[in-house]
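> Residues 30 to 320 in this note's numbering are what the sequence shown lists, from first letter to last.
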Amino acid sequence: SKNYYSSKWVKMDTLKEAACRVIQHQEKHGINGVTDNLFTLSSFKAEFASIAMPNVILSDFDLKILITYLESERKILITDSLHEDVNKKENDMIIKFRARNVNVNTKFEITSIDRGIIYIKETCNKLHQQIHDIEERIKEYVFQNLLLVVNSWRTYQDFTLFFRISAKIRNHILQKQSVMAKHRLRQKIHLEKVLSKRVGSLETVEGILLKIQGAATDAEIIDIYNVGANTLHDVMASNGLTADSVDATIDRLQEILADQQEIDEAMKLGNETLLDTTIVQDDELEKELED
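#1: Please go through the same chain and pick out, in chain order, the residues whose beta-carbon is closer than 6 angstroms to the beta-carbon of W38, but skip the five residues on each side of it.
#2: If contact is defined by three or more beta carbon pairs under 8 angstroms, each pair taking one atom from either stretch, is the segment 144 to 159 in contact with the segment 76 to 87?
#3: Considering only the beta carbon of each residue, do I163 and K217 sit closer than 8 angstroms?
#4: Can you name, in chain order, every residue of its own chain whose Cβ lies under 7 angstroms from the Cβ of A128, other than the five neighbours on each side?
#5: Tell me T69's beta-bridge partners as DSSP assigns them.
#6: What is the rounded straight-line gap between the Cα of E113 and the Cα of K74?
#7: Which residues in the same chain as F77 place their Cβ atom closer than 6 angstroms to its Cβ, once the five residues preceding and following it in sequence are excluded?
#8: Where A81 and L92 are concerned, what is the direct C-alpha to C-alpha distance, given to the nearest angstrom?
#9: For I123 versus I107, is the C-beta spacing smaller than 8 angstroms?
#10: Using 8 angstroms for Cβ pairs, my map puts L231 next to H157. What's the rounded Cβ distance?
#11: Given a threshold of 16 other Cβ atoms within 10 Å of its Cβ, counted over all protein chains shown, does A244 qualify as buried or as exposed?
#12: In three-state terms, what does DSSP make of L106?
#13: How would you call K45, buried or exposed, if buried means at least 16 neighbouring beta carbons within 10 angstroms?
#14: Between the beta-carbon of Q159 and the beta-carbon of R103, is there less than 8 angstroms?
#15: Candidates I96, K155, N255: which alpha carbon is nearest V234's?
#16: Curious, which full-length alpha helix (DSSP H) runs of at least 4 residues does the segment 37 to 92 contain?
#17: Restricting to Cα atoms, I'd like to know which of L95, M209, E291, L298 is closest to D42.
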């Protein structure tokens, strides 16, 4: 009997194109590097699974190949090696993109600050999901109470059936509906209180994230100032520029400008003298011609 082996092949051109699309998308949308360059595996899937290939949603295996390639090209860092079952590490793995305009010699690593930012971002995501779920449950309770009212109204409308049953049964039906309505109303009020707390927590956590982004932006600006100041200092030093040399140059320039002004005035005076002489000579010639 023959043995058959199955294997999976990777088309490198397609893989490189997918990686290029991911990098371009990240560079376009990753406005704040300190927070936007960090992902968990699940958030990476949500962001890039439909971006890497046109009209294609990447499978977990495809994502594994893509992440492995990006890591080999030093475009990203990950905290763990990819497991065969990618889903097992969705919430544990951290993926960090290399920031743009960063010195090649700068150490590329996942720091404790990165882990803290990931924790804050994941907390925001969980709070968003919890708020969405609570809002849906509140809508459900409102809808159920509305149905209860409609059903009660229909029962009252069916006079023949309603008055044929005994008073005891009628009271039981009305009481049961009232109990259910009160129960759902209590649940709704409770959920609204929980919702208010979740929204408050979300505002607090998102405020912290914004402060981190603001601090990072300020730090980047200060770094640019420092680099600019150091560069200007080095350029001035290499050309022998000092405060004394600049003052001396300005004094010399002022002397040259003063000399130039004297020359201009002398030239102007000389031109006026020549012009007067020419006019006199012309008058004499005309007089002689008349004689």
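Where is the CB? At the ideal position from N, CA and C, for every residue including glycine.
In terms of the structure at hand:
#1: In the sequence shown, residue 38 corresponds to position 9, counting from 1. Nothing listed; no residue qualifies.
#2: no
#3: Position 134 of the sequence shown, counted from the first residue, corresponds to residue 163. Position 188 of the sequence shown, counted from the first residue, corresponds to residue 217. Judged by beta-carbon spacing, K217 lies beyond the 8 angstroms limit of I163, meaning their Cβ atoms are not closer than that value.
#4: Counted from its first residue, the sequence shown places residue 128 at position 99. Result list for A128: G62, N66, in chain order.
#5: The sequence position of residue 69 within the sequence shown is 40, counting from 1. BP columns for T69 point to I123.
#6: For the purposes of this step, residue 113 is taken as residue 84 along the sequence shown, with counting starting at 1. For the purposes of this step, residue 74 is taken as residue 45 along the sequence shown, with counting starting at 1. Low local confidence applies: a pLDDT of 45 at E113 is under 50, so the model's placement there is unreliable, with the coordinate-based value given in what follows. Each residue's alpha carbon lies about 16 angstroms from the other.
#7: Your numbering for residue 77 matches position 48 in the sequence shown. For F77, where only same-chain residues beyond five positions count, the Cβ hits under 6 angstroms are V51.
#8: Start at 1 with the first residue of the sequence shown, and residue 81 comes out as number 52. Start at 1 with the first residue of the sequence shown, and residue 92 comes out as number 63. Their backbone Cα atoms lie some 9 angstroms apart in a straight line.
#9: Numbered from its first residue, the sequence shown carries residue 123 at position 94. Numbered from its first residue, the sequence shown carries residue 107 at position 78. Yes, Cβ-Cβ distance for I123 and I107 is below 8 angstroms.
#10: For the purposes of this step, residue 231 is taken as residue 202 along the sequence shown, with counting starting at 1. For the purposes of this step, residue 157 is taken as residue 128 along the sequence shown, with counting starting at 1. With 8 angstroms as the limit, L231 and H157 qualify as a contact, their Cβ atoms being about 7 angstroms apart.
#11: As a first step, residue 244 must be located in the sequence shown, where it is residue number 215. The residue is exposed, with fewer than 16 neighbouring Cβ atoms inside 10 Å.
#12: The residue you call residue 106 lines up with position 77 of the sequence shown. Residue state for L106 is assigned as strand, using DSSP reduced to three classes.
#13: Along the sequence shown, read from residue 1 onward, the residue named residue 45 stands at position 16. The residue in question, K45, is exposed, as its Cβ has fewer than 16 Cβ neighbours within 10 Å.
#14: The sequence position of residue 159 within the sequence shown is 130, counting from 1. The sequence position of residue 103 within the sequence shown is 74, counting from 1. Not closer than 8 angstroms, so no.
#15: Locating residue 234 in the sequence shown gives position 205, where the first residue counts as 1. Of the listed residues, the one whose Cα sits closest to V234 is K155.
#16: 41 to 58, 62 to 65, 70 to 77
#17: Position 13 of the sequence shown, counted from the first residue, corresponds to residue 42. Measuring from the Cα of D42, the nearest candidate turns out to be L95.
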